[in-house]
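Single-structure report; data block below.
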Amino acid sequence: MKGPFQAVKVTDKVYWVGAIDWDIRDFHGYATSRGTTYNAYLVMADKPTLIDTVKAPFTDEMLSRISSVCDPKSIRTIVSNHSEMDHSGALPRVIELIKPEKVLASAMGVKALNAHFHWDVPVQAVKDGEKLDLGGERLAFIESRMVHWPDSMFSYLEGAGVLFSNDGFGMHLASSLRFDDETPERYDEAAKYYANILLPFSDIVLALLDKLAKSGLAPKMIAPDHGPIWRQDAAKIVSLWGEWARQKPRNKAVVVFDTMWGSTDKLARAAAEGLIAAGVKTLVMPLRGNHRSDVASELLEAGALLVGSPTINKQVFPTVADVLSYLKGLRRKNLVGAAFGSYGWAGESLKQVQDALTEMGVATVEPVKCQYVPDAAALDAAYGMGQKVAARLKEAMR
Amino acid sequence: MKKYVCTPCGYVYDPAVGDPGHGVPPGTPWEKVPEDWSCPVCGVGKDMFEPES
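Okay, here's the thing in structure tokens:
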């Protein structure tokens, strides 16, 4: 079981024993351009305890890292903070191998694990606020329902002050380095993770942050299940999560579109010039080169969304339909915006885009459409649309 | 009677059906659902529900 993989010491008693996924580029539809890690943690109390595991194909890597610290069979307790398979996938094999005394999860976690593995493992439910003596160390459990699954739970190691936050405060970033201060990419990736995974649950995030603040816990470190461990900027990432959850509009516009013969592209660029002239930081994202998850990421710290689509066989262009469906699910609040597009015959897509934006709660200005290729008047209209969106954004930011 | 939707998970509370598995008999209007009741699917409280549009 020993192998080349080593644990990384986090505190005197806590070791990182996870796995690095250098390969993954598509994480259930989220573009993970820098790969990810699946973090598992070993607490070397009198009763060694494993907190979360890894995605199933990485089980050997985790066991090898554990073996660099102790015999995996000496682990007495396994805590599952989150049932999603990137953290629970290794559980069946690990439980069979080490035969722990206890496997613990939240009440919702027990249900979710059973519904994943259809096993006869007696997973025990722990309650919010319950504490567990590990022998010399104490672990407290904090339910974090819908941040981001019903089963989600944090575990807090008292004394050392380590908050094991499952997907909370995480990010997709494969690195040989384990700590926040060693990974300068951390804020871009943390923002992308929030935008794509947590955004729909922002009200619950705010309630959870409030609960944590009132709990009197003062975590010295936050150890999530993906990406670096926050040992330097733990307070800062908590505060950033609060800002992202509040979704205040900012002076930035994102223009997304696709195009068939370049006409919707021309409208997009004219609209962008209108925004730029009005002083709005503007990002133009043609969907042939930008992934839906990067659009979501850029929108996190924006205030305006403009969406353009040509009409193809009476429909929105497929890439635009994809991004609209995705963004609708993320339930971004407080956006202003507009719909635009070029068409050949009747231009059905414009209404479809407009309706989608309205359904998302985007406060829109008059849409702009043009038949075939935009002339000077159509480009002026698109420019004017950009300026009107800019004006609405300035009002929204007041 | 008005239905209520769980904003995180989409579960719909239908007063005609209630939630008999968790002590809410059929015919219970939203206002009479106990304050400590939680979504049977994702577990969040009543405050996270919105009237169905």
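Top line first, the protein sequences correspond to chains A and B. Note that the numbering used here has the first sequence beginning at 1, numbered continuously upward. Note that the numbering used here has the second sequence beginning at 1, numbered continuously upward. For each residue, glycine too, the CB sits at the ideal point set by N, CA and C.
The region 168-185 of chain A contacting the region 7-20 of chain A, beta-carbon criterion three pairs below 8 Å: yes
In chain order, each alpha helix (DSSP H) run of at least 4 residues that lies wholly inside the region 307-372 of chain A: 318-330 and 348-359
For histidine 28(A) and lysine 266(A), the rounded distance between their alpha carbons: For this step, residue 266(A) is matched to residue 266 along the first sequence. For this step, residue 28(A) is matched to residue 28 along the first sequence. So the alpha carbons of these two residues sit roughly 33 Å apart.
For lysine 55(A), the nearest candidate out of Trp244(A), Ser83(A) and Pro100(A) (CA to CA): Residue 55(A) sits at position 55 when you count from the first residue of the first sequence. The candidate whose alpha carbon is nearest that of lysine 55(A) is Ser83(A).
Backbone CA spacing between asparagine 334(A) and methionine 146(A) [nearest angstrom]: As a first step, residue 334(A) is located in the first sequence; it is residue number 334 there, counting from the start. As a first step, residue 146(A) is located in the first sequence; it is residue number 146 there, counting from the start. Their Cα atoms are separated by approximately 22 Å.
Own chain residues within Cβ distance below 6 Å of valine 33(B), not counting five before or after: Indexing the second sequence from 1 puts residue 33(B) at position 33. Same-chain partners within the cutoff: Val24.
4-residue-minimum alpha helix (DSSP H) runs that sit fully inside the region 74-141 of chain A, ordered along the chain: 85-88, 91-98 and 107-117
When Thr36(A), Ser33(A), Lys13(A) and Thr319(A) are compared against leucine 50(A), the one with the closest alpha-carbon: Here residue 50(A) refers to the residue found at position 50 of the first sequence. Ranking Thr36(A), Ser33(A), Lys13(A) and Thr319(A) by Cα distance to leucine 50(A) puts Lys13(A) first.
Exposure label - proline 20(B); buried when at least 16 CB within 10 Å: As a working note, residue 20(B) is residue 20 in the second sequence. Per the 10 Å Cβ criterion, exposed.
C-beta neighbour in chain B for proline 150(A), strict 8 Å: The residue you call residue 150(A) lines up with position 150 of the first sequence. Closer than 8 Å: yes.
C-beta atoms of aspartate 368(A) and alanine 376(A) nearer than 8 Å: If you number the first sequence from 1, residue 368(A) lands on position 368. If you number the first sequence from 1, residue 376(A) lands on position 376. Here residue 368(A) is valine; the residue named in the question, aspartate, does not match the sequence. It is not a contact, given that the beta carbons lie outside the stated cut-off.
As assigned by DSSP and simplified to three states, the class of valine 10(A): Position 10 of the first sequence, counting from 1, holds the residue named residue 10(A). Correct three-state label for valine 10(A): coil.
DSSP three-state assignment for phenylalanine 154(A), whether helix, strand or coil: Position 154 of the first sequence, counted from the start, is the residue given in the question as residue 154(A). Secondary structure at phenylalanine 154(A): strand, using DSSP grouped into helix, strand and coil.
Own chain, CB closer than 6 Å to leucine 283(A), minus 5 neighbours either side, in chain order: For the purposes of this step, residue 283(A) is taken as the residue at position 283 of the first sequence. Counting only Cβ-Cβ distances below 6 Å, and skipping sequence neighbours, we find Val254 and Glu298.
Nonlocal neighbours in the same chain, by C-beta distance under 7 Å from histidine 148(A), ignoring five residues either side: Walking along the first sequence from the start, residue 148(A) turns up at place 148. Only Asp167, Ile197, Leu198 and Phe201 meet the Cβ criterion.
Chain-ordered chain A contacts of glycine 10(B) [CB-CB under 8 Å]: As a working mapping, residue 10(B) is identified with position 10 in the second sequence. By Cβ distance, chain A contributes nothing, its closest Cβ being about 10 Å from glycine 10(B), past 8 Å.
Buried versus exposed call for proline 29(B) [16 or more other C-beta atoms within 10 Å across all chains shown]: Your numbering for residue 29(B) matches position 29 in the second sequence. Per the 10 Å Cβ criterion, exposed.
Outcome for glutamine 352(A) when other beta-carbon atoms lying within 10 angstroms are tallied against a minimum of 16: Residue 352(A) sits at position 352 when you count from the first residue of the first sequence. Buried is the label assigned to glutamine 352(A), since at least 16 other Cβ atoms lie within 10 Å of its Cβ.
Boundaries of the alpha helix (DSSP H) in which isoleucine 276(A) is found, first to last residue: Counting from 1 along the first sequence, the entry for residue 276(A) is found at position 276. Residues 263-277.
Phenylalanine 49(B), DSSP secondary structure in three states: In the second sequence, the residue the question calls residue 49(B) occupies position 49. It is a strand residue.
CB of methionine 171(A) within 8 Å of CB of glycine 227(A), strictly: By 1-based counting over the first sequence, the position of residue 171(A) is 171. By 1-based counting over the first sequence, the position of residue 227(A) is 227. Against a cut-off of 8 Å, the Cβ pair of glycine 227(A) and methionine 171(A) comes out as a contact.
Buried or exposed (CB count within 10 angstroms, at least 16 for buried), valine 362(A): By one-based count along the first sequence, residue 362(A) stands at place 362. It is buried - the Cβ of valine 362(A) has at least 16 other Cβ atoms within 10 Å.
Identity of the residue in Leu379(A), Lys220(A), Leu97(A) and Arg25(A) nearest serine 263(A) by Cα: On the first sequence, residue 263(A) is found 263 positions in, with the first residue counted as 1. Selection Leu379(A), Lys220(A), Leu97(A) and Arg25(A) evaluated against serine 263(A) yields Leu379(A) as nearest (Cα-Cα).
Distance CB(leucine 91(A))-CB(threonine 37(A)) smaller than 8 Å: As a first step, residue 91(A) must be located in the first sequence, where it is residue number 91. As a first step, residue 37(A) must be located in the first sequence, where it is residue number 37. Not in contact: leucine 91(A) and threonine 37(A) (Cβ atoms no closer than 8 Å).
Where tryptophan 244(A) falls: helix, strand or coil (DSSP): Looking up residue 244(A) in the first sequence gives position 244. Correct three-state label for tryptophan 244(A): helix.
Contact under 8 Å by Cβ, glycine 329(A) with lysine 252(A): Here residue 329(A) refers to the residue found at position 329 of the first sequence. Here residue 252(A) refers to the residue found at position 252 of the first sequence. Glycine 329(A) places its beta carbon 8 Å or farther from that of lysine 252(A).
Through-space distance from methionine 48(B) to proline 8(B), alpha-carbon basis: For the purposes of this step, residue 8(B) is identified with residue 8 of the second sequence, where counting begins at 1. For the purposes of this step, residue 48(B) is identified with residue 48 of the second sequence, where counting begins at 1. Roughly 7 Å between the two C-alpha positions.
Buried versus exposed call for histidine 87(A) [16 or more other C-beta atoms within 10 Å across all chains shown]: Taking the first residue of the first sequence as 1, we reach residue 87(A) at position 87. Buried is the call here.
Alanine 396(A) - containing alpha helix (DSSP H), residue span: In the first sequence, residue 396(A) corresponds to position 396, counting from 1. Residues 376-397.
Neighbour list for arginine 145(A) in chain B, Cβ cutoff strictly below 7 Å: As a first step, residue 145(A) is located in the first sequence; it is residue number 145 there, counting from the start. Simply Cys42, Gly43 and Val44.
Cut-off 7 Å between Cβ atoms - residues of its own chain near leucine 357(A), not counting five sequence neighbours on either side: Taking the first sequence and counting its residues from 1, one reaches residue 357(A) at position 357. Cβ neighbours of leucine 357(A) beyond the five flanking positions: Val307, Gly337, Ala339 and Thr364.
Any chain B beta carbon closer than 8 Å to methionine 360(A): Indexing the first sequence from 1 puts residue 360(A) at position 360. Closer than 8 Å: no.
Any alpha helix (DSSP H) of 4 or more consecutive residues that is wholly inside the region 171-242 of chain A: 186-193 and 202-215
Of the residues Ser325(A), Gln354(A), Glu301(A) and Ala112(A), the one placed nearest leucine 393(A), counting alpha carbons only: Walking along the first sequence from the start, residue 393(A) turns up at place 393. Looking at the Cα atoms, Glu301(A) is the closest of the given residues.
Closer than 8 Å to chain B by CB, isoleucine 204(A): Counted from its first residue, the first sequence places residue 204(A) at position 204. Flagged as an interface residue toward chain B: isoleucine 204(A), by a C-beta distance shorter than 8 Å.
As assigned by DSSP and simplified to three states, the class of phenylalanine 257(A): Translated into the one-based positions of the first sequence, residue 257(A) becomes position 257. Of the three classes helix, strand and coil, the one that applies to phenylalanine 257(A) here is strand, per DSSP.
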